[in-house]
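**Q**
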DNA sequence: CTAGTCCGGGAAAGGGCTTGCCCAGAACGG
DNA sequence: CCGTTCTGGGCAAGCCCTTTCCCGGACTAG
């Protein structure tokens, strides 16, 4: 039939031949460059490309140019709405800049983060964006740090979301402040005793939120007894189980449960309901994140609202815009949103 | 200082030099091959790689080998739990096979699908997986089809999830059957009049679910009047607005509302509640998908449960395993799950 | 002891693209 | 009318790898 090769995509060389111009001209016509090309030639080339269904080989371009137009994103669990919202922001922003995003999931196993970075680094992405699934100081930290440093030394850029302990550009989600602000408002609402579902003991984000809340609550005169700090996974099931544990410890005096994220709060609500606890009459509950798809649960959940999409966008800005030095931070403040799950509490 | 280049990552050549072996040997030692390499040499190479923090340039490998180890995933909206769950399955399965996944989002604008495929094709992924955001026959279909055909001709593989109208491998989610089965069960539960929030008129998935439900409902003796088929977006807000429209049309006689997906159902619930409608006492409601993070809403939502993660996995199997011909289909059946939102209805 | 096999290292040829450089012709100035 | 300066096409080098092919040395077999 035609000159199309049996297998394999059309190459630029074939396009050039079809258009009867040199390889160089074809390249300049198709992928733009500083140099102009004669409109007539350009047309011929583009026409040839179209008929051959040419698609530039990005890998080849990458090796020729010595750089890609890719950003790599590492999240803990893409099916968690927290991460998928951030991912959404990243993808939008990336796309606006003509970048492709490749994504990796650690599945909440931090050591996998290092492995993932090792692989993704091979892509030579413009930037690697790590979204906070990381733990407090760990042995794997060194390895990861080394890997990231190597990536930076090779000209890549590292951007972190919510893990300010590492020396890279980071979107610094002020978890402590957000949790503290929430605590303040809830105290204003009349709450005097609270329990905290603290999440995993070593997960930094969880810890900041838990201590931010507990410290503030104490500061306002209502210290939280240790037995009402219940750890658990950072997931719906974690919240469910933590609520169960909390109940076992005696829930009677607790007016309010603060779960360190919304999905845990939802899990906790599910457990409490299943045991006949009325929400919010018997106990109030609050979360953190303000996950979009959870806005319609009943009772409407009090939480700390985080601009998740925006965080994603900012991450790519931070990653790519040049006027930033190597470890600048962009603070993001959550704002407490009080809803039905924490009604005004009138003490007898 | 050392021999490390000021910028840019270490190359295999540098590693080879440091290990005092040839480029070929270094390549074989690091990236494996049919050929064996002397253990002593191998050690030297690996050591050198480690000290230089070498990371193989995937792009270069891709051009040398003439193929990547990448799969591309195209979804409508990664922040929608439906898609992010599928994406999660895809990523898990991909990772088990040592593949990297790059992801694109059409943001629910089907024409973007073509553009996205055009870009992703440049990556020369092993497969492009498109997850059903597509519309009924459209002019953009031809372009997209051409693009995909070209990709296949060049040796790539196309896999669709839930858009069986195109001639590619597809995971065929049996929306009609699922919706029909749900209708059957609800009729058994005593429901005789239903409204359907049909989603976008031209979105295939939505249409299949809506007509599957309506047809079955009619078949069991309860045809659904046209005024109770309310279109809207395939999103939470779409459900919200559709419920409003439905109410405007007079909700009185409707015993049951079927929304073509869970998030719409949740939106509808939010609207109805806001106007004082009690759920499920005043009206029952059902969705489709069984989104994980929505399992804890109250009342618990009746729905058609879809194994979303599994669908993702299957998609990559279908995409990569060889014993499949070019347009085989894997059927996926949803199973109706009746919960509190559709209680047994006892007629007076 | 020699011929025939293996084994595994290294040189070099790609693979698809970008880009520095050369150069012919066009455009311009004096 | 000639010398300059632009334009913009094309050649070829180069990017970082993989893989074919050659070849010398170590083995095996007869």
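Chains as they are written, first to last, in my numbering: chain W, 418 to 765; chain A, 418 to 765. Glycine included, each C-beta is placed from N, C-alpha and C at the ideal position.
On the premise that residue 502(W) lies in contact with residue 726(W), defined as a C-beta separation below 8 Å, what is that separation, rounded to the nearest angstrom?
**A** About 6 Å; that satisfies the 8 Å criterion.
**Q** Contact between the segment 676-696 of chain A and the segment 470-487 of chain A: three or more CB pairs below 8 Å?
**A** Judged by Cβ distances under 8 Å, the segment 676-696 of chain A makes no contact with the segment 470-487 of chain A, as fewer than three pairs qualify.
**Q** Does any residue of chain A bring its CB to less than 8 Å from the CB of residue 470(W)?
**A** Yes, its Cβ sits closer than 8 Å to a Cβ of chain A.
**Q** Rounded to whole angstroms, what's the CA-CA distance from residue 483(W) to residue 441(A)? Just pull it up for me.
**A** Residue 483(W) and residue 441(A): Cα-Cα distance of roughly 22 Å.
**Q** Rounded to whole angstroms, what's the CA-CA distance from residue 738(A) to residue 572(A)? Just pull it up for me.
**A** Straight-line Cα distance between these residues: approximately 14 Å.
**Q** By the DSSP assignment, the alpha helix (DSSP H) with residue 647(W) in it spans what residues?
**A** Taken as a continuous stretch (DSSP letters only), residue 647(W) belongs to no alpha helix (DSSP H), being part of the beta strand (DSSP E) at 646-648.
**Q** Let me check understanding here. Comparing Cα to Cα, which of 626(W), 621(W), 642(W) lies closest to residue 527(W)?
**A** Comparing Cα positions, the closest option is 621(W).
**Q** Let me make sure I understand the geometry here. Which of 518(W), 645(W), 644(W), 631(W) has the alpha-carbon closest to that of residue 592(W)?
**A** When only C-alpha atoms are compared, the closest one is 631(W).
**Q** Looking at the secondary structure, which residues open and close the beta strand (DSSP E) in which residue 586(W) lies?
**A** Element bounds for residue 586(W): 586-590.
**Q** Use the C-beta contact count for residue 475(A): other C-beta atoms within 10 angstroms, 16 or more gives buried, fewer gives exposed.
**A** That one is buried.
**Q** Under three-state DSSP, which class holds residue 521(W)?
**A** DSSP places residue 521(W) in strand when its eight states are reduced to three.
**Q** What residues from the segment 613-647 of chain A come within 7 Å of chain W, judged by C-beta to C-beta, listed N to C?
**A** Listed by position along the chain: nothing, the set is empty.
**Q** Find the residues of chain A that neighbour residue 713(W), judging by a C-beta separation of less than 8 Å, and give them in chain order.
**A** Near residue 713(W) (Cβ distances below 8 Å), the residues of chain A are 653, 683, 684, 686, 687, 714.
**Q** Taking the beta carbon of residue 731(W) as the centre, do at least 16 other beta carbons fall within 10 Å, making it buried, or is it exposed?
**A** Under this definition residue 731(W) is a buried residue.
**Q** I'd like to know whether the C-beta of residue 450(A) is nearer than 8 Å to at least one C-beta of chain W.
**A** Closer than 8 Å: no.
**Q** Output the distance between the C-alpha atoms of residue 600(W) and residue 671(W), rounded to the nearest integer angstrom.
**A** So the two alpha carbons sit approximately 14 Å from each other.
**Q** With three or more C-beta pairs closer than 8 Å as the rule, is the segment 432-441 of chain A touching the segment 428-443 of chain W?
**A** No, the segment 428-443 of chain W is not in contact with the segment 432-441 of chain A.
**Q** For residue 698(W), count the other beta carbons within 10 Å of its own beta carbon; 16 or more makes it buried, fewer makes it exposed. Which is it?
**A** Exposed, by the Cβ-count rule.
**Q** May I ask you to list the residues that DSSP assigns as paired with residue 702(W)?
**A** Paired residues: 674(W).
**Q** Under 8 Å between the Cβ atoms of residue 491(W) and residue 523(W)?
**A** In contact: residue 491(W) and residue 523(W) (Cβ atoms closer than 8 Å).
**Q** Just list the alpha helix (DSSP H) runs in the segment 598-642 of chain W, keeping only unbroken ones of 4 residues or longer that don't cross its boundaries, in chain order.
**A** Segments of the alpha helix (DSSP H) lying fully in the segment 598-642 of chain W: 621-636.
**Q** To the nearest angstrom, report how far apart residue 716(A) and residue 495(W) are at their CA atoms.
**A** Using only the alpha carbons, I get a separation of about 27 Å.
**Q** Could you pull out every residue in the same chain whose Cβ sits closer than 6 Å to the Cβ of residue 587(W), ignoring the five residues on either side in sequence?
**A** So the qualifying residues of the chain are 577, 581, 746.
**Q** Leaving out the 5 sequence neighbours to the left and right, which residues in its chain are closer than 6 Å to residue 436(A) when beta-carbon positions are compared?
**A** Here the set comprises 461, 462, 465.
**Q** Does DSSP put residue 529(W) in a helix, in a strand, or in coil?
**A** Helix at residue 529(W).
**Q** Is residue 538(A) buried or exposed, if buried means 16 or more other CB atoms sit within 10 Å of its CB?
**A** By the 10 Å Cβ count, residue 538(A) comes out buried.
**Q** Classify residue 761(W) as buried or exposed, calling it buried when 16 or more other Cβ atoms lie within 10 Å of its own Cβ.
**A** Exposed.
**Q** Report all residues from its chain with a CB closer than 8 Å to the CB of residue 585(W); omit the five preceding and five following residues, and keep chain order.
**A** So the list reads 565, 569, 575, 576, 577, 743, 744, once near-sequence residues are dropped.
**Q** Residue 562(A) versus chain W: which residues are under 8 Å apart at the beta carbon?
**A** Correct list: empty, because the minimum Cβ distance to chain W is about 12 Å.
**Q** So, is residue 449(A) buried or exposed, given that buried needs 16 or more other C-beta atoms within 10 angstroms?
**A** Counting Cβ neighbours within 10 Å, residue 449(A) comes out exposed, since fewer than 16 surround it.
**Q** Closest by CA to residue 669(A), which one among 652(A), 657(A), 694(A), 679(A)?
**A** Ranking the options by Cα distance to residue 669(A), first place goes to 694(A).
**Q** Quick check on residue 475(A) - is its C-beta less than 8 Å from some C-beta in chain W?
**A** For residue 475(A), the answer is yes, since a Cβ of chain W falls inside 8 Å of its Cβ.
**Q** Considering only C-alpha positions, which residue in the set 544(W), 533(W), 710(W), 704(W) is nearest to residue 597(W)?
**A** Closest option to residue 597(W), Cα to Cα, is 704(W).
**Q** Is the distance from the Cβ of residue 541(W) to the Cβ of residue 486(W) below 8 Å?
**A** No, Cβ-Cβ distance for residue 541(W) and residue 486(W) is not below 8 Å.
**Q** Run through DSSP, which three-state label would residue 760(W) get?
**A** In this structure, residue 760(W) counts as coil in the three-state DSSP scheme.
**Q** Using a 10 Å radius around the Cβ and a threshold of 16 neighbouring Cβ atoms, would you call residue 679(W) buried or exposed?
**A** Buried, since its Cβ has 16 or more Cβ neighbours within 10 Å.
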